Amino acid sequence: MSHTDILLGLQWGDEGKGKIVDVLSQNYNVVARFQGGPNAGHTIHFDGKKFVLHTIPSGIFREECQNVVGNGVVIDPVRFEQEITNLRSAGYQPERNLRISLRAHLILPSHRLLDAASEKAKGKEKIGSTLRGIGPTYMDKTGRNGLRVGDVFQADFDQKYQRLKLKHLDIVRSLDPSAQIDPIEENDFFSSLDNLRSLKCENTEYFLNQIQTQGENILAEGAQGTLLDVEFGTYPFVTSSNTTAAGACAGLGISPRRINKVMGIFKAYTTRVGSGPFPTELLDETGQKIREQGAEFGSTTGRPRRCGWLDLVALNYAVMINGVTDLMMMKSDVLSGFDDLQLCTSYLQNNSSLSELPMDLAQVVPQYDTLPGWNTDLTNMTKANQIPPQLLGYIRFIEQFTSTPISLVSVGPGRQQTLFL
Ligand code: GDP
Ligand code: IMO
Ligand code: MG
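So for the sequence shown, numbering that gives the first Met the number 0 puts the first residue at 0; every next one is plus one.
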């Protein structure tokens, strides 16, 4: 029986999606990205090598696996070409197992300019965007002004580009009169379009539906995380796409009736990059210790990630919104060496206890349950029966609180450091 599964982040991104998609890709014929763009940074470690993918799906390292950049993704052709070049210099031939939707929208140099101007204008209220042009590109998409991959094959592409660029410059100059597009960047943009044209650009929705009809399996790879979703995240401190399970259908052109498992991935603690509320954030040495042990620095921008305890109220919300069938807990090894571990099990707001995520997270005070930590190094473990009892207690507590089984525990960045329960 053909099945289409989704793997997505349940927190504020960087949960370890790239690692797990790479591990699981051997069970799928296709891996498909359905939203986001080069704001994502998905890290994969194997055979002593490390890759960070931004737009290309994490199944690319398995030749027999087809990889689809779906219609819901936004593509910066310059960064896309860099990713292709990096893979080629490592000995891969991504053109063989990569397909790009003709409907995916393009990030223009002027979208990035708009992103920067918008952040600057917001001042202290800035989102902390990755400045990759994501927000302005999705704005043009829903505003029905965007340019798509299919447009680069049309004779009037240059005219369409110039028209949109001038529109952007008008807006940018209302915020920053001196703003200009760097001619080198514009040149790079046009030369990178040749790379895009040389790749398999097609109506990927037909390909994906045929794959399903043939009985083959698809894994939809999410980017960002549920709390960055434009509908259900900590708005306005979110990204501009649907990072949640529903986004997979819209971003790939597949029916909800075909979705089987929804695998939700979370870190054993919580991190966030950029601005916005984060109730369980630790601004003390415990937060510092998690950042150091977990090497919590952004894969895309290198920014230090904010760190804190696991928030089970938020996790329950993410499980509900996505209909998660399987939980996967990442970076358990990072929590080794803490005497006690705290888990947020409710919020306090205006003296009343909340078990639900309110619209505005900035007003809540987290309430914690405490569980004993473990001192064991987990990074050499390969089997579930090696899990120390305190970690097992931590796992069972989360399973009970979320009424959802944890099917995988990750104990390091490598492919082998993965325990299936
Ligand atoms: P993604 O955006 O969800 O794919 O996650 P990122 O790649 O941005 O960040 C996850 C980071 O944690 C990467 O550097 C991974 O190599 C690393 N990582 C993944 N799983 C584990 C784990 O179980 N333990 C440790 N220590 N690191 C991990
Ligand atoms: P992956 O796929 C973590 C955050 C940014 C910022 C907000 C909006 O690697 O998990 P944007 O550039 O989208 O306008 O930024 O969202 N953000 C991420 N944080 N991981 C990501 O992707 C992110 N993509 C965007 O830091 O706060
Ligand atoms: Mg990341």
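Virtual Cβ for every residue (Gly too), placed ideally from N, Cα, C.
Please read these numbers as outputs of a predicted model, since none were measured by experiment.
Query                                                                                                                                                   : Result
Please tell me whether, using a cut-off of 8 Å, the distance from the CB of Lys49 to the nearest non-hydrogen atom of ligand 1 is below it.             : yes
Looking only at DSSP bridge pairs, what is Asp4 linked to?                                                                                              : Leu218
Give me the DSSP bridge partner(s) of Ala31.                                                                                                            : Val67 and Ala219
Thinking C-alpha only, which one of Ser352, Asn315, Met380 and Phe400 is nearest Leu420?                                                                : Met380
Grab me the residues of Phe396's own chain with a C-beta within less than 8 Å of its C-beta, minus the 5 sequence neighbours each way, in chain order.  : Leu342, Asp368 and Leu370
Along the chain, where does the beta strand (DSSP E) containing Asp163 start, and where does it finish?                                                 : Checking the sequence shown, residue 163 turns out to be Leu, not Asp. Leu163 -> not in any beta strand (DSSP E); alpha helix (DSSP H) instead, spanning Phe156 to Leu174.
Provide the residue span of the alpha helix (DSSP H) that contains Leu23, from first to last.                                                           : Lys16 to Leu23
Have a look at Val272, Leu326 and Asn315 and flag the residue whose alpha-carbon is nearest the alpha-carbon of Gly307.                                 : Val272
Check whether the Cβ atoms of Thr270 and Glu295 lie closer than 9 Å to each other.                                                                      : yes
Between the beta-carbon of Pro76 and the beta-carbon of Asn194, is there less than 9 Å?                                                                 : yes
Please confirm whether any heavy atom of ligand 1 lies closer than 8 Å to the CB of Thr269.                                                             : no
Is it a yes or a no for the segment 30–43 touching the segment 235–250, going by three-plus beta-carbon pairs under 8 Å?                                : yes
Considering only heavy atoms of ligand 3 and the C-beta of each residue, which residues fall inside 5 Å, strictly closer?                               : Asp13, Gly40 and Ser298
Just the C-alpha distance for Asp339 and Arg305, rounded to the nearest angstrom, thanks.                                                               : 20 Å
Which whole-angstrom value is the C-beta distance of Leu227 and Trp373, which I expect to be below 8 Å?                                                 : No, Leu227 and Trp373 are not in contact; Cβ-Cβ is about 30 Å, not under 8 Å.
Spell out the partners DSSP gives Arg305 in its beta bridges.                                                                                           : Arg271
Out of Leu192, Gln385 and Gln81, state which residue places its alpha-carbon closest to the alpha-carbon of Asp157.                                     : Leu192
Just curious, the beta strand (DSSP E) that Ile386 is in, first and last residue?                                                                       : Per DSSP, Ile386 belongs to no beta strand (DSSP E) and is neither H nor E.
DSSP on Asp338, reduced to helix/strand/coil?                                                                                                           : coil
Could you tell me the alpha carbon to alpha carbon distance between Phe60 and Ile43, rounded to whole angstroms?                                        : 10 Å
Using the rule of at least 16 other Cβ atoms within 10 Å of the residue's Cβ for burial, across every protein chain shown, is Met328 buried or exposed? : buried
On a CA-only basis, which of Ala267, Ala178 and Arg414 is nearest Leu390? Give me that one, please.                                                     : Ala267
In the DSSP assignment, the alpha helix (DSSP H) including Phe462 goes from what residue to what residue?                                               : As shown, the chain starts at 0 and ends at 420. That puts residue 462 outside it, with no answer to give.
Round the Cβ separation of Val148 and Cys64 to the nearest angstrom and send it over; I've been treating them as touching at under 8 Å.                 : About 21 Å separates the two Cβ atoms, so there is no contact after all.
CA-CA distance, Lys119 and Ile253?                                                                                                                      : 38 Å
Which value, in whole angstroms, describes the spacing of the CA atoms of Tyr316 and Leu198?                                                            : 39 Å
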